[in-house]
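Enquirer: Protein chains in written order, with the numbering used here: chain A, 1 to 117; chain B, 1001 to 1115. Backbone N, C-alpha and C define an ideal beta-carbon position, used for all residues, glycine too. Here it is: the structure, laid out below.
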């Protein structure tokens, strides 16, 4: 069965702390994504990666960075957490296709709920 | 550019009643359309998808959606609501090309099922 695993379901951090959110997928997918989910705003794309060491900014990259050193792992980093980064963070992956048939279906982890005090 | 509009952030139906969740999209090229469902404290999972084959798409748990190009709509329906359908539903439009994937989500509709 397809699996996307996020390392922490719930985190509580203090303002100014560095925060790492880890995501691992076991489907050999090329694409990986980090979304932020807030009530009334839906899912907003923070960063995505279509290959190892490649990354692209999404719609709201400010205050975040990412790392993809291995194909299966995509990390989201908050260099200095702030209270407005309190949110649910969702990782997703997908098969890129590269000329083959792909529908772009996203596979999601269960989410990491971050509270910044 | 692409966008997705979900009408109604909250929808309430009685158990056994018809479920209708609305989604309209805009896209400069033919899109792939998706409905995802999110149960409380979980990630999203695929409910169904339209990929330019049949315009009426059947998904899991008795849901279906019809792609109407003339109306730029992809509304989600279920003939008879069940208590277990209470969740948040997201419509998404995806553009694909050369390994590139651009996904845009709607803001979601929370479905409440009243016993």
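(1) Considering only their Cβ atoms, is the gap separating residue 1034 (chain B) from residue 1087 (chain B) smaller than 7 Å?
(2) Go ahead and pull the three-state DSSP assignment for residue 83 (chain A).
(3) Hey, which unbroken runs of the beta strand (DSSP E) at 3 residues or more fall wholly within the region 1024-1104 of chain B?
(4) Using a Cβ-Cβ cutoff of 9 Å, what residues of the region 1073-1098 of chain B are near chain A? List them in chain order.
(5) Just the Cα atoms here: how many angstroms apart are residue 1073 (chain B) and residue 76 (chain A)?
(6) Measuring alpha carbon to alpha carbon, tell me which of A:96, A:89, A:46 ends up nearest residue 8 (chain A).
(7) Among residues of its own chain, excluding the 5 on either side of residue 1059 (chain B), which ones have a beta-carbon nearer than 6 Å to its beta-carbon?
(8) Rounded to whole angstroms, how far is the Cβ of residue 35 (chain A) from the Cβ of residue 81 (chain A), which I believe are closer than 8 Å?
(9) Measure the alpha-carbon distance for residue 1102 (chain B) versus residue 94 (chain A) and round it to whole angstroms.
(10) Hey, quick one: how far does the beta strand (DSSP E) through residue 47 (chain A) stretch, first residue to last?
(11) Going by DSSP, name the residue or residues bridged to residue 38 (chain A).
(12) Might you give, ordered along the chain, the residues of its own chain that have their beta carbon closer than 7 Å to the beta carbon of residue 1030 (chain B), omitting 5 neighbours on each side?
(13) Within the chosen definition, does the region 1106-1115 of chain B reach the region 41-57 of chain A through at least 3 CB pairs nearer than 8 Å?
(14) Taking 7 Å as the CB-CB cut-off, is residue 1049 (chain B) touching chain A?
(15) Is residue 1078 (chain B) buried or exposed, if buried means 16 or more other CB atoms sit within 10 Å of its CB?
(16) Confirm, please, whether the CB-CB distance from residue 1012 (chain B) to residue 1112 (chain B) is below 7 Å.
(17) By DSSP, does residue 29 (chain A) sit in helix, in strand, or in coil?
(18) Considering only residues of the same chain and omitting the five flanking positions on each side of residue 111 (chain A), which have a CB-CB separation below 6 Å?
(19) Exposed or buried, residue 29 (chain A), counting other C-beta atoms within 10 Å across all chains shown (16 or more means buried)?
(20) At least one CB of chain B closer than 7 Å to the CB of residue 110 (chain A): is that the case?
(21) Report the three-state DSSP secondary structure of residue 95 (chain A) (helix, strand or coil).
(22) Using 10 angstroms around the beta-carbon of residue 10 (chain A), count the other beta-carbons present and answer buried if the total reaches 16, otherwise exposed.
(23) Spatial neighbours of residue 1045 (chain B) within its chain, please: C-beta separation below 7 Å, excluding the five flanking residues on both sides.
(24) Identify the continuous beta strand (DSSP E) that holds residue 52 (chain A) and give its terminal residues.
(25) With the cut-off set at 7 Å, would you say residue 1063 (chain B) and residue 1076 (chain B) are in Cβ contact?
Expert: Based on what the coordinates show:
(1) no
(2) Helix.
(3) 1032-1038, 1044-1050, 1056-1058, 1064-1068, 1073-1078, 1087-1097
(4) 1090, 1092, 1094, 1095, 1096, 1098
(5) 34 Å
(6) A:89
(7) 1047, 1048
(8) Their Cβ separation, rounded to whole angstroms, is 18 Å, which puts residue 35 (chain A) and residue 81 (chain A) out of contact at 8 Å.
(9) The alpha-carbon separation between residue 1102 (chain B) and residue 94 (chain A) amounts to approximately 11 Å.
(10) 42-49
(11) A:42
(12) 1052
(13) They touch, by the three-pair rule.
(14) yes
(15) buried
(16) yes
(17) coil
(18) 88, 90
(19) Taking every protein chain shown into account, the CB of residue 29 (chain A) has 16 or more other CB atoms within 10 angstroms, so this residue is buried.
(20) yes
(21) coil
(22) Per the 10 Å Cβ criterion, exposed.
(23) 1036, 1037
(24) Per DSSP, residue 52 (chain A) lies in no beta strand (DSSP E) and is assigned neither H nor E.
(25) yes
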